[in-house]
Structures are given as structure tokens and as C-alpha cells.
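This report refers to the structure that appears directly beneath it.
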Amino acid sequence: MVTKFRRVQKSANAAAPEDGVTEVRVTSMGRVNGFVDEAIEYLVGSEKHAATKEIRIMARGTAIAKAVIVSEILSRRIPCLSQEVELGSSDVEDVFEPVGEHDEEVGNVTQVRIVPSLVVTLRADKKIKEEDIREHQFIKRPVLADPPAYRSGRPTGRPGYRFRPKNRKNPSSTKAAGGTTPVKVVADSTTEDDSAVKKQRRDRRRRNRGKKEQDAGKVNAEAPQVGA
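Count along the sequence shown from 1, add 4, and you get the number used in this note's numbering.
Shown next, in the form of C-alpha cells:
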């Protein structure tokens with residue numbers, strides 16, 4: 005019997021930090037702007053929260069990349085912040101319980117997995133005011149180098165290579181005045197090679213066809229005649 009399991013949901017009650025530092029927990033489902041506004045509210049202060057000079061941005065698993073973006077945006081918008089980064093990992097236990105019809109001997113299954121974590125601590129040298137916060141601006145793209153200049157307006161290509169079209173006409177064979185003369189076609193080495201290869205293939209097919217006919221004649225001659 006195949007037993008199906010379901011993960012047991014854990015309580016999401018976050019414990020308060022022991023050292024009293026304000027924490028901003030970045031999740032994979034939240035928006036970056038929301039976390040940035042929350043951190044600025046802690047630094048500047050509001051009716052709900054008192055102003056603080058130090059905050060801690062925390063993330064685990066797939067939310068680490070988003071936490072890095074949040075910390076970089078805050079560092080650019082608030083120039084008086086200093087940054088400290090800590091990397092680590094922790095063991096997380098997941099409990100799975102059986103679902104549906106199952107044997108009585110089957111119980112809960114515990115799985116331990118290692119989850120990476122990131123902690124970015126931002127500290128301010130002085131009390132931050134609303135006037136100190138800059139508007140978010142996109143990073144300007146660096147100026148690209150000028151494109152290389154080609155002689156006569158076209159690339160030169162490989163040195164020593166010259167394009168030679170097939171069946172080109174010889175300009176020296178035409179008359180300068182009046183009528184025209186038949187143009188002599190310059191044979192290309194590639195066409196001569198192709199004709200030689202085709203001739204070899206044609207001769208090979210003829211020889212193979214002759215061998216097949218000879219073999220068929222021998223088989224018919226050796227076959228016993230019916231009614232003899």
C-alpha cells in the first residue's frame with residue numbers, strides 16, 4: 005500500500021531579538037518596495053515605531069537574493085549607512101504526517117534539511133531625517149566605446165582573403181567601343197573538383213550495377229528447372 009504524506013504546518017510566531025535590534029524579515033513572497041519602506045520607517049521613526057540607528061535585514065533560502073537588493077537600495081538612498089554582512093546556515097526539521105488510508109504502524113516522518121541564511125546589519129552614524137533620504141534612481145548605463153572605423157566604409161575581413169564569385173566575367177574580353185564579343189567563362193577550381201567527383205561516383209554506380217547483374221545471372225543459372 006502506497007502511503008501519502010502531508011507536511012505539518014508550523015506556527016509562524018517570530019521571537020523578539022534578544023539584543024533589541026529591529027529586524028526586517030525578507031520573504032520570497034513579499035515585494036522589494038514593501039521591505040524598503042518598512043526599513044525606512046524603522047530608521048526615520050513613525051507613530052507606531054520609534055526611530056532607531058540600526059536595523060537587521062534577515063533572509064533564508066530563496067529570499068537571499070531579494071534581501072541583497074533591499075540592502076543595496078537602502079545603502080544608495082541613505083548615504084550615512086554602514087553595512088555588515090553575515091552568512092550562515094541552519095538545520096530545519098520538516099515533519100510529515102500520513103494522509104488517507106495507511107497502516108497503523110506508519111507514523112510521522114521527520115526530514116532534516118540545511119537552509120542557507122543571510123543577515124545584513126545596517127548602522128547609521130547619526131539620526132536619520134526624512135530630508136536625508138534620497139529618491140530612488142536607476143543606475144546609469146556606462147558609455148560604450150565608439151564602434152571601430154572601417155576603411156572605405158566596409159570591413160576588411162580576413163587578411164589575404166578575397167571573395168571570388170563563380171562564373172564571373174572577364175572584363176578584358178569585352179570591347180571598349182561598339183559591339184560585344186562572346187564572354188569567356190573563367191573556370192573555377194571548385195567546379196572542376198565537383199565534376200571529377202561526380203564522374204567518379206557515376207563510374208562507381210555503373211560498376212556496382214554490372215556486378216549485381218552478373219550475380220543475378222549466376223543465381224538463375226544454378227537454380228534447378230522445374231519439371232526437368
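The C-beta atom is built at its ideal place from N, Cα and C for all residues, glycine as well.
Segment limits, alpha helix (DSSP H) that includes residue i
i     : result
Lys70 : 68-81
Glu42 : 36-48
Under 7 Å between C-beta atoms of residue i and residue j
i      : j      : result
Val89  : Val124 : yes
Ser50  : Ser94  : no
Val235 : Val99  : Only positions 5 to 232 of the chain appear in this structure, which leaves residue 235 out of reach.
Val74  : Val40  : yes
Ala128 : Lys57  : yes
Arg10  : Glu108 : no
Contact belief for residue i with residue j at Cβ below 8 Å, rounded distance in angstroms
i      : j      : result
Ala69  : Ile61  : Not a contact, Cβ separation roughly 13 Å.
Ile137 : Ile44  : 6 Å
Ala67  : Val103 : About 29 Å; that fails the 8 Å criterion.
Ala55  : Lys130 : That pair is no contact at about 11 Å.
Extent of the continuous beta strand (DSSP E) to which residue i belongs
i      : result
Ile59  : 58-64
Ile137 : Ile137 -> no beta strand (DSSP E), and no H or E assigned at all.
Ala128 : 113-128
Asp95  : 85-103
Lys8   : 8-11
Val28  : 26-29
Classification of residue i by the beta-carbon crowding that lies within 10 angstroms, buried from 16 upward
i      : result
Ala200 : exposed
Arg64  : buried
Glu97  : exposed
Val116 : exposed
Val36  : exposed
Leu91  : exposed
Glu42  : buried
Lys52  : exposed
Inset, instruction - Take every Cβ of the segment 102-116, pair it with every Cβ of the segment 72-79, and state whether three or more of those distances are shorter than 8 Å. - result: Short answer: they don't touch.
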